[in-house]
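The sequence shown begins at 0 in numbering that gives the first Met the number 0 and counts up by one.
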Amino acid sequence: MRLRGLILAVQFLTRLPTPQLRDFRAEELSRTAVWFPLVGIIIGALLLLPMALLDARPWLAALLCLLLWVWVTGALHLDGLGDVADALGAAHRRPERFLEVLKDPHMGVFGTVAVVLQLITKLVLLAELARSPWWLGLLLLPAWARWATTLLWSRFLPPLHPGMAEQFGWHRSRGAIWDLMWGVLLIGVSAWLAPPLLITLLLAPLVAWFWKRKLGGISGDCLGASTEVIESLLLLALVLAPASARLF
């Protein structure tokens with residue numbers, strides 16, 4: 000049963016090949032969330048390959064890393080970022096339009112610009128990270144982002160849609176111990192490998208505060224957008240942190 004949850008988490012968050020599962024039920028989605036940080040570590044391990052193999056050519060390493068990042072995640076979170084950017088742009092003067100625009104499957108100018116800027120941001124930061132003493136932090140970075148956004152809907156914020164509340168109800172009631180275990184593990188490994196990533200402990204409540212103030216809750220697209228933003232901020236933290244930031 001645990002293996003089934005891991006397989007479903009990999010299928011949901013990535014394009015990696017997995018064994019085919021039968022009889023999928025929508026309520027199973029919430030139970031896969033306990034594996035999201037592990038899937039993040041798998042993604043991080045893949046992203047380290049271009050960095051390790053092309054350390055003498057940082058821009059090429061960054062480009063291949065970004066292409067791999069987009070492919071392995073299926074641009075899942077970029078789609079959420081684009082939708083949220085469109086909704087925020089349309090709701091600038093009329094806040095009630097946010098959810099209306101969020102449901103529109105088409106991407107507008109705001110969304111396109113946001114996605115392009117996000118890709119440029121990641122490309123530049125990855126090139127800088129290739130020459131940083133904290134480049135190994137890329138292993139844990141996707142795990143931190145997924146752990147943080149899991150907390151947004153499971154602990155900090157109510158869902159905006161009733162269906163989402165039903166899907167994630169199991170994790171709200173039973174997943175707390177997993178959230179704690181993953182948090183402790185990521186803190187311990189990051190303190191040794193890449194202490195700048197510990198800033199996630201500040202970023203998660205700040206992002207929760209933003210959505211609470213803006214919408215009073217969170218949606219799937221908001222979670223995707225939050226994942227992208229947190230990943231970029233963590234890349235920035237790794238790039239800007241001095242080598243003396245090591246704790247051990």
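Glycine included, C-beta positions come from ideal geometry on N, C-alpha and C. Please read these numbers as outputs of a predicted model, since none were measured by experiment.
Between the alpha carbons of Leu45 and Leu185 lies a gap of roughly 18 angstroms. Three or more beta-carbon pairs drawn from the stretch 229-245 and the stretch 132-140 are found closer than 8 angstroms, and the two stretches are therefore classed as touching. By the criterion of a C-beta distance shorter than 6 angstroms, Asp85 is surrounded in its chain by Val100, Gly107, Phe109 and Gly110, once the five residues flanking it on both sides are discounted. For the stretch 128-161, the full-length alpha helix (DSSP H) segments reaching 4 residues or more read 140-150 along the chain. Ranked by Cα distance from Trp146, the options Gly187, Gln10 and Val38 are led by Val38. Less than 8 angstroms divides the Cβ of Arg14 from the Cβ of Val71. Inter-residue distance for Leu12 and Gln19 is about 15 angstroms (C-alpha atoms, whole angstroms). Residue Ser189 holds the alpha-carbon nearest to the alpha-carbon of Leu237 among Ser189, Trp210, Phe247 and Ala207. If you draw a straight line from the Cα of Ala89 to the Cα of Asp103, it comes to about 12 angstroms. In terms of Cα proximity to Ala203, the closest of Pro195, Thr226, Ser218 and Asp220 is Thr226.
With respect to the 8 angstroms criterion, Leu233 and Ala144 are classified as neighbours on the basis of their beta carbons. Boundaries of the alpha helix (DSSP H) harbouring Thr199: Thr199 to Lys213, taken from the DSSP string. Residue pairing by DSSP puts Ile217 in a beta bridge opposite Pro158. In terms of Cβ geometry, Leu65 and Lys121 form a close pair [threshold 8 angstroms]. Residue environment analysis places Gly215 among the exposed positions, since fewer than 16 neighbouring C-beta atoms fall within 10 angstroms of its C-beta.
Judged by beta-carbon spacing, Ala142 lies within the 8 angstroms limit of Gly43, meaning their Cβ atoms are closer than that value. A straight line joining the alpha-carbon of Phe97 with that of Val206 spans about 18 angstroms.
Here Met106 carries a coil assignment [DSSP, helix/strand/coil]. Residues Thr13 and Arg14 of the same chain have their beta carbon placed closer than 8 angstroms to that of Gly73, with the five preceding and five following residues left out of the count. A straight line joining the alpha-carbon of Pro16 with that of Gln10 spans about 8 angstroms. Pro36 sits buried, since 16 or more C-beta atoms from the chains shown fall within 10 Å of its C-beta. Taken in chain order, the complete alpha helix (DSSP H) segments of 4 or more residues contained in the stretch 34-85 are 35-52 and 57-72. Closest in alpha carbon position to Asp78, among Leu28, Leu118, Pro57 and Leu48, is Leu118.
Here Val83 is buried. Its C-beta has 16 or more other C-beta atoms within 10 Å. The Cβ-Cβ distance between Leu196 and Leu140 falls below 8 angstroms. Ranking Leu75, Ala51, His91 and Leu179 by CA distance to the CA of Val114 puts Leu75 first.
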